[in-house]
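Using this note's numbering, read the sequence shown as starting at 6 and increasing by one per residue. Positions of the beta carbon are idealized from the N, C-alpha and C atoms, including for glycine. In this text the structure is predicted, and so the values were computed from the model without any measurement. Report on the structure given below.
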Amino acid sequence: MPESRLRVAAVLTCLLLTATGCGSDDDGPDDRADGPARADRAQEPTEVADVRPEPSLTINCLHTIGERPEPTSGSTVVLGDVALETGRRLQTTKSTGTEYLHPLFAKSGLMVRDGAVVDIEVLPAPGNGASIGWGNGQSSAVAVRIPGCTTGSTANAWTAFPGGYHVDRPGCLTLVVRSRGLQTKVRVPVGADC
6 MPESRLRVAA VLTCLLLTAT GCGSDDDGPD DRADGPARAD RAQEPTEVAD
56 VRPEPSLTIN CLHTIGERPE PTSGSTVVLG DVALETGRRL QTTKSTGTEY
106 LHPLFAKSGL MVRDGAVVDI EVLPAPGNGA SIGWGNGQSS AVAVRIPGCT
156 TGSTANAWTA FPGGYHVDRP GCLTLVVRSR GLQTKVRVPV GADC
C-alpha cells in the first residue's frame with residue numbers, strides 16, 4: 006500500500022476511534038484487548054473496514070450456549086470483540102446432514118463480547134470451498150453477522166456460540182472479521198496447519 010494511503014487510513018482510524026469514544030483519554034485504558042487471550046501471529050494488522058453488503062446469515066441470539074467473564078484460554082481475541090480458536094489445528098470430521106455444501110466439518114465455538122455487532126466472512130481459497138456457521142441448528146454461509154447479542158447478566162460478558170467451519174478439504178482458512186468500523190484478517194488451521 007503506498008505511503009499516502011497508509012497515512013489516510015491511519016487518520017481515518019484515529020477519527021473513527023475518537024468519534025466512537027474509544028480514543029485515549031482520562032477515563033482509563035480500553036480493556037477490550039486485555040485478558041489472557043490476545044491476538045497473535047494468526048491475525049493481520051487492523052484497518053478501516055471495507056463497506057460490504059449485508060451478510061447472508063444472521064446468527065440467532067437465542068442459540069447461545071452460555072456466557073463467560075472472559076474468552077477461553079487458547080483463543081485469539083480479534084478487534085476486542087471476537088474470540089476465535091487459532092492456536093491449534095482443528096480436527097475435521099465428515100459433515101452430517103444434506104444442508105451442508107462441504108463434506109468436512111471442524112467444530113470450533115465462537116465467543117463474542119456482549120452487545121458487539123460483528124461480521125465474519127471466510128475468503129475463498131483455490132480448490133477449497135468453505136462456509137462458517139454458529140448457533141444451534143443454524144446453517145452455514147460464506148459471511149455471517151452476530152447482531153449484538155446480550156445476556157444482561159454480567160458486565161463485559163462474552164457470549165458463546167457452538168458451530169464451526171465447513172470445508173471441502175483440510176486447509177488454512179482466512180477470515181475477515183469486522184467490528185466497530187474496523188477489520189482484520191485471521192488465519193484458522195482447519196485440519197491443516199497455517
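- Contact check for Ser136 against Leu106 passes: the beta carbons are separated by less than 8 Å.
- CA-CA distance, Ser144 to Ala88, rounds to 21 Å.
- Rounded to the nearest whole angstrom, the CA to CA distance from Val127 to Val182 is 9 Å.
- Contact between the region 91 to 98 and the region 157 to 177 is present: three or more C-beta pairs spanning the two stretches fall below 8 Å.
- Here Asp86 is not near Val53, since their CB atoms are 8 Å or more apart.
- Boundaries of the beta strand (DSSP E) around Leu89: 87 to 90.
- Leaving aside the five residues that flank Thr156 on each side, the residues in its chain whose CB is nearer than 8 Å to its CB run, in chain order, Thr69, Glu72, Asp119, Ala162, Thr164.
- Beyond the five residues adjoining it in sequence on each side, Ala47 comes within less than 6 Å, by CB distance, of Thr81, Thr91, Val191, Arg192 in the same chain, given in chain order.
- By the 16-neighbour rule on beta-carbons within 10 angstroms, Ala148 is buried.
- Sixteen is the threshold: when 16 or more other Cβ atoms of the shown chains lie within 10 Å of the Cβ of Leu187, as they do, the residue is buried.
- The criterion of a C-beta distance shorter than 8 Å is satisfied by Cys177 and Ala197.
- In the structure shown, His171 adopts extended strand secondary structure according to DSSP, grouped into three states.
- Closest by C-alpha distance to Pro76, out of Ile151, Phe166, Cys199, is Phe166.
- The DSSP-derived three-state label of Leu109 is strand.
- Here the C-alpha atom of Val122 lies approximately 16 Å from the C-alpha atom of Leu180.
- Distance from the CA of Trp139 to the CA of Pro50, rounded to the nearest whole angstrom, comes to 25 Å.
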